[in-house]
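Everything below concerns the one structure shown next.
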Amino acid sequence: MTRTHHEQDAHPVQAERGQDIAEQLCEQVRRADANATPLRIAGGGTKAFYGRPVEGETLSLTEHHGIVHYDPVELVVSVRAGTPLTELEAALDAEGQRLPFEPPHFGPDATVGGAVATGLSGPRRPWAGAARDFVLGCRLITHDGKQLRFGGEVMKNVAGYDLSRLMVGAQGTLGVLTEISFKVLPRPAATRSLRLEMPVETALERLAEWGRQPLPLTAAAWHDGALHLRLEGGTSSVAATAERLGGDTLEAEFWNNLREQRLAFFGDDDSRALWRLSLPNNTPALALDGDMLYDWGGAQRWLKTTADAETIREAAARAGGHATCYTPHAQGGARDPFTPLSPVVAKYHRQLKAKLDPNGIFNPGRLYEGL
Amino acid sequence: MNILYDEQLDGALTRVDKAAVLDDLQQALPDMTLLHREEDLRPFECDGLSAYRVMPMLVAMPHTLDQVETLMRHCHALGVPVVTRGAGTGLSGGALPLEQGVLLVMSRFAKILEVDPDARTARVQPGVRNLAISEAAAPHGLYYAPDPSSQIACSIGGNVAENAGGVHCLKYGLTVHNVLRIEVITIEGERMTLGSEAFDAPGFDLLALFTGSEGMLGVITEITVKLLPKPESAKVLMASFDDVEKAGKAVGDIIAAGIVPGGLEMMDKLAIKAAEDFVKAGYPTEAEAILLCELDGVEADVDDDCNTVRGVLEAAGATDIAQARDDAERARFWAGRKNAFPAVGRMSPDYYCMDGTIPRRELPRVLMGIARLSEESGLPVANVFHAGDGNMHPLILFDANKPGELELAEDVGGKILELCVEAGGSITGEHGVGREKINQMCSQFQPDELSVFHAVKSAFDASRLLNPGKNIPTLQRCAEFGAMHVHKGELPHPDLPRF
Numbered sequence: 000m001t002r003t004h005h006e007q008d009a010h011p012v013q014a015e016r017g018q019d020i021a022e023q024l025c026e027q028v029r030r031a032d033a034n035a036t037p038l039r040i041a042g043g044g045t046k047a048f049y050g051r052p053v054e055g056e057t058l059s060l061t062e063h064h065g066i067v068h069y070d071p072v073e074l075v076v077s078v079r080a081g082t083p084l085t086e087l088e089a090a091l092d093a094e095g096q097r098l099p100f101e102p103p104h105f106g107p108d109a110t111v112g113g114a115v116a117t118g119l120s121g122p123r124r125p126w127a128g129a130a131r132d133f134v135l136g137c138r139l140i141t142h143d144g145k146q147l148r149f150g151g152e153v154m155k156n157v158a159g160y161d162l163s164r165l166m167v168g169a170q171g172t173l174g175v176l177t178e179i180s181f182k183v184l185p186r187p188a189a190t191r192s193l194r195l196e197m198p199v200e201t202a203l204e205r206l207a208e209w210g211r212q213p214l215p216l217t218a219a220a221w222h223d224g225a226l227h228l229r230l231e232g233g234t235s236s237v238a239a240t241a242e243r244l245g246g247d248t249l250e251a252e253f254w255n256n257l258r259e260q261r262l263a264f265f266g267d268d269d270s271r272a273l274w275r276l277s278l279p280n281n282t283p284a285l286a287l288d289g290d291m292l293y294d295w296g297g298a299q300r301w302l303k304t305t306a307d308a309e310t311i312r313e314a315a316a317r318a319g320g321h322a323t324c325y326t327p328h329a330q331g332g333a334r335d336p337f338t339p340l341s342p343v344v345a346k347y348h349r350q351l352k353a354k355l356d357p358n359g360i361f362n363p364g365r366l367y368e369g370l
Numbered sequence: 000m001n002i003l004y005d006e007q008l009d010g011a012l013t014r015v016d017k018a019a020v021l022d023d024l025q026q027a028l029p030d031m032t033l034l035h036r037e038e039d040l041r042p043f044e045c046d047g048l049s050a051y052r053v054m055p056m057l058v059a060m061p062h063t064l065d066q067v068e069t070l071m072r073h074c075h076a077l078g079v080p081v082v083t084r085g086a087g088t089g090l091s092g093g094a095l096p097l098e099q100g101v102l103l104v105m106s107r108f109a110k111i112l113e114v115d116p117d118a119r120t121a122r123v124q125p126g127v128r129n130l131a132i133s134e135a136a137a138p139h140g141l142y143y144a145p146d147p148s149s150q151i152a153c154s155i156g157g158n159v160a161e162n163a164g165g166v167h168c169l170k171y172g173l174t175v176h177n178v179l180r181i182e183v184i185t186i187e188g189e190r191m192t193l194g195s196e197a198f199d200a201p202g203f204d205l206l207a208l209f210t211g212s213e214g215m216l217g218v219i220t221e222i223t224v225k226l227l228p229k230p231e232s233a234k235v236l237m238a239s240f241d242d243v244e245k246a247g248k249a250v251g252d253i254i255a256a257g258i259v260p261g262g263l264e265m266m267d268k269l270a271i272k273a274a275e276d277f278v279k280a281g282y283p284t285e286a287e288a289i290l291l292c293e294l295d296g297v298e299a300d301v302d303d304d305c306n307t308v309r310g311v312l313e314a315a316g317a318t319d320i321a322q323a324r325d326d327a328e329r330a331r332f333w334a335g336r337k338n339a340f341p342a343v344g345r346m347s348p349d350y351y352c353m354d355g356t357i358p359r360r361e362l363p364r365v366l367m368g369i370a371r372l373s374e375e376s377g378l379p380v381a382n383v384f385h386a387g388d389g390n391m392h393p394l395i396l397f398d399a400n401k402p403g404e405l406e407l408a409e410d411v412g413g414k415i416l417e418l419c420v421e422a423g424g425s426i427t428g429e430h431g432v433g434r435e436k437i438n439q440m441c442s443q444f445q446p447d448e449l450s451v452f453h454a455v456k457s458a459f460d461a462s463r464l465l466n467p468g469k470n471i472p473t474l475q476r477c478a479e480f481g482a483m484h485v486h487k488g489e490l491p492h493p494d495l496p497r498f
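So the sequences go chain by chain: Z and G.
Each residue of the first sequence is one higher than the one before, counting from 0 in numbering that gives the first Met the number 0.
Each residue of the second sequence is one higher than the one before, counting from 0 in numbering that gives the first Met the number 0.
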């Protein structure tokens, strides 16, 4: 018996090219491993700011692009890591489908690999799921320069450890993602966005109440005296819910601007650092200095502040969450962008890194010093 | 098939003296229930895969986390393997004991610690039954989505260990999509928290890695799950087909119409007949296949979707379409499906349940392959299929009292799984590898991929004491099994130690 993987690329020439490029990438990894040369894994560079700076020889994935396999009826798409995110989204859109976790681009050059490696998700995340929830499988170059496959193109697969999901958010520190298979979903029949003026305390109360009801809610953000809501679903339920909730109509573009950090709130015309607080659903307003924008129904909060990292992290931890600094250290952000791990968890991070990348070549230090 | 632990193939275990281990643990844990007499151990010799039985050396039934911690430290120091068990309902032998091991039974950790309706979470101990979580959340209009068919008995700890599914996975996801945080005790007796009450946690996604890891990386001691608001309305359509292929195609047509059903199940003629004889669900016994399509959500949308799906089913050539008129009829439609396994059990002294997944487009080809295997072996196969997400449960009927039939059934089962792998699918969608599918893992993965799994394992359990012999086969076993990826009998990495 042989294993078939449906590698019937839409374009045989592209398939061959893809294999050639993958082999070149493997070769570069093998060389780096042999010489213990650190590699800085790069896609479009739009998320290079996210995490600690990496010093190393560049391993560029941008030439490794293209959709390998897309079967809309299966709700599955497999894409090479260097594929522009816009290209993938356009292909899905043409079939009335989408990536439900609406990954941020942060620039026109954003790649699929970068979106998965950083594991970031947009405003729909609490209702639809995160990047990791839609990754079904991947191909990965290991430290010894072998391209291996984990997971697959099926919805359910519990054979072996879930290496594909482990790679989401690992920022390339455990291996090089070369191809990713996603579960995709149809776009809903109807969408409407609303703006309701109310203070933040009222908004959080309402969101807790609505959270227990089967409403077609897929985004909720509070800023500057108003709660912004997005409804998505069937035509009937969206219309009925919009009627019930009231408020003013909001341009749908608001959500793209929020996801891409293009709202005025995110303007880089001040010297304060930008922080992301990830918190449990029902966290009340926190007493922190600065401007706050509430996304994810209050579970993700953007804070522009001059407060120090310790104060912010303490407040987030007390509420059961954690805080990430989005402003690079070089531009005045915290030295450690990610919340430090507990000693036991850190120990197993180190041990896992040592097993999968014994010579420390993959994006060393990107997440944490020494990892 | 050499299903029981074989030190030649699965790795050497430390020689230990039962009396000495018993003495050490009794001294260290005087208040913990520790079973050691044969009559007490007997009830634990198998899990839901009852064809395979092994008497554990000892059964530990702790009721405090300090006891679990101490137990792990001592087992680690003594080199004694630990197999963790929840409710023992698993179908792949994941909790099959080891003769030289301690069976750690987590059933006394059975408290729901907290239901937080505003955060929409529940914090529970691992021994809590799956259904009990939804029952506790019900007064708040919430529920826990994953619903494996054993949900009245299976425990949430086992669900996490196996990444359990159910009939609503396509829309609501597997266990991994519905767990926020777990508390773990490592083999060295350390405690750690993976995930968080928030939607994410810093560092690697070890929560995802531990979910479905079959007790190989740590012992899960507490789980925080997401709760969802109960759908306002749920309606079920049942469509009959005179041809299995047409039913399979209808599944794709429903998805292509932009509908994501809450549940989409298919049963073939033999499964229909078994279910109908057993629970009188009102199934059309003359049909070659039926589809059950549940649409849930806001009432108005559900009605719209029902109309759309009805049109799709008609166009796909359904010979009859019935919509459950009320909740009682809806429950009856589902009762047939949910009782399909025991129903088939009534038709035959024994049955063997498979769990392969395939891309849906491969369904006709795989079903034909299964029919051929059934014909060749003379063993009837009933097909029950989570059609929406491509997860097949062929049930192979056999009689274990007839010499050679169990082996024949295992052989047919193994070949069915290989069909799934060839079709681009997986040997297990939701039941896990456990001990049952350890050899088929050699078909699913290449030796290099298995080596990465072993590397992951060694990062958390270097001495291989947590559930050894399950989930990931050794390269030695794959070589012996005649793995397809061992080229001309040469193992890759001849320099690697073979355990």
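Using N, Cα and C, we set each Cβ at its ideal position, and we do this for glycine too.
As the structure is a prediction and not an experimental result, all values here were calculated from the model.
The Cβ of Glu-375(G) sits no closer than 9 Å to any Cβ of chain Z. Closer than 8 Å at the C-beta level to chain Z, one finds these residues of the segment 173-196 of chain G: Leu-173, Val-175, His-176, Thr-185, Glu-189, Arg-190, Met-191, Thr-192, Leu-193, Ser-195, Glu-196. Distance from the CA of Leu-206(G) to the CA of Thr-284(G), rounded to the nearest whole angstrom, comes to 45 Å.
In this structure, Ala-342(G) places its C-beta atom within 9 Å of the C-beta atom of Phe-277(G). Contact with chain Z is found for Cys-168(G), since one of that chain's Cβ atoms lies less than 9 Å from the residue's Cβ. For the set Leu-38(Z), Gln-18(Z), Leu-98(Z), Ala-109(Z), the Cα lying nearest the Cα of Thr-45(Z) is the one of Ala-109(Z). Under the three-state reduction of DSSP, Thr-338(Z) is assigned to coil, being neither helix nor strand.
Contacts with chain Z at 9 Å (Cβ-Cβ) include Ala-454(G). Listed along chain G is no residue with a C-beta nearer than 8 Å to that of Gly-81(Z); the closest approach is about 23 Å. Residues Gly-140, Tyr-142 of the same chain have their beta carbon placed closer than 6 Å to that of Lys-229(G), with the five preceding and five following residues left out of the count. Of the candidates Asp-117(G), Met-353(G), Ala-163(G), Ala-163(G) places its Cα closest to the Cα of Leu-173(G). In the displayed model, Leu-33(G) falls within a strand according to three-state DSSP. Going by beta carbons, Leu-449(G) and Pro-467(G) fall outside the 9 Å limit. With the rule of 3 Cβ pairs closer than 8 Å, the segment 28-42 of chain G does not count as touching the segment 453-468 of chain G.
Under DSSP, Thr-85(Z) takes part in no beta bridge, so it has no partner. Under DSSP, Ala-41(Z) takes part in a beta bridge, and its partners are Ser-59(Z).
Taken in chain order, the complete beta strand (DSSP E) segments of 3 or more residues contained in the segment 218-290 of chain Z are 225-232, 272-277. Ile-271(G) carries a helical assignment under DSSP once its states are collapsed to helix, strand and coil. Proximity to Ala-86(G) across Ser-347(G), Arg-107(G), Leu-3(G), Leu-465(G) peaks at Arg-107(G), based on C-alpha coordinates. Distances from the alpha-carbon of Ala-339(G) to those of Phe-384(G), Glu-313(G), Ser-376(G), Thr-307(G) put Phe-384(G) closest.
In this structure, Pro-102(Z) and Gly-121(Z) form a Cβ contact; the two beta carbons are roughly 6 Å apart against a cut-off of 8 Å. Interface residue (Cβ-Cβ distance to chain Z less than 9 Å): Asp-388(G) is classified as such.
Within the same chain, Cβ atoms closer than 6 Å to the Cβ of Asp-295(G) are found at Pro-230, Ala-233, Gly-261, the five residues on either side in sequence being excluded. Note: Val-175(Z) is bridge-paired with Ile-140(Z) in the DSSP secondary-structure output. Counting the other Cβ atoms within 10 Å of the Cβ of Lys-182(Z) gives 16 or more, which makes it buried. Using a Cβ-Cβ distance cut-off of 8 Å, the segment 151-168 of chain Z and the segment 127-143 of chain Z are in contact, since at least three pairs of beta carbons, one from each stretch, lie closer than that value. Cα atoms of Ala-318(Z) and Leu-285(Z): separation of roughly 9 Å, rounded to the nearest angstrom. Three or more beta-carbon pairs separated by less than 8 Å are not found between the segment 232-241 of chain Z and the segment 260-271 of chain Z, which leaves the two stretches without contact.
For the options Ala-41(Z), Arg-211(Z), Gly-55(Z), Pro-71(Z), the alpha carbon positioned closest to that of Val-250(G) is the one of Pro-71(Z). The beta carbon of Asn-162(G) falls within 9 Å of a beta carbon belonging to chain Z, placing the residue at that interface.
The beta-carbon distance between Ala-241(Z) and Leu-193(Z), rounded to whole angstroms, is 6 Å. This is short enough to meet the 8 Å contact definition. In this structure, Val-79(G) places its C-beta atom within 9 Å of the C-beta atom of His-73(G).
With contact defined as three or more Cβ pairs closer than 8 Å, the segment 316-334 of chain G and the segment 401-418 of chain G are not in contact.
Distances from the CA of Val-134(Z) to each of Thr-172(Z), Leu-176(Z), Gly-50(Z), His-104(Z) were compared; the closest alpha carbon is that of Leu-176(Z).
Under the Cβ criterion of 9 Å, Pro-363(G) is not counted among the residues facing chain Z. By alpha-carbon distance to Lys-456(G), the top candidate from Tyr-160(Z), Arg-300(Z), Trp-301(Z), Tyr-367(Z) is Tyr-160(Z).
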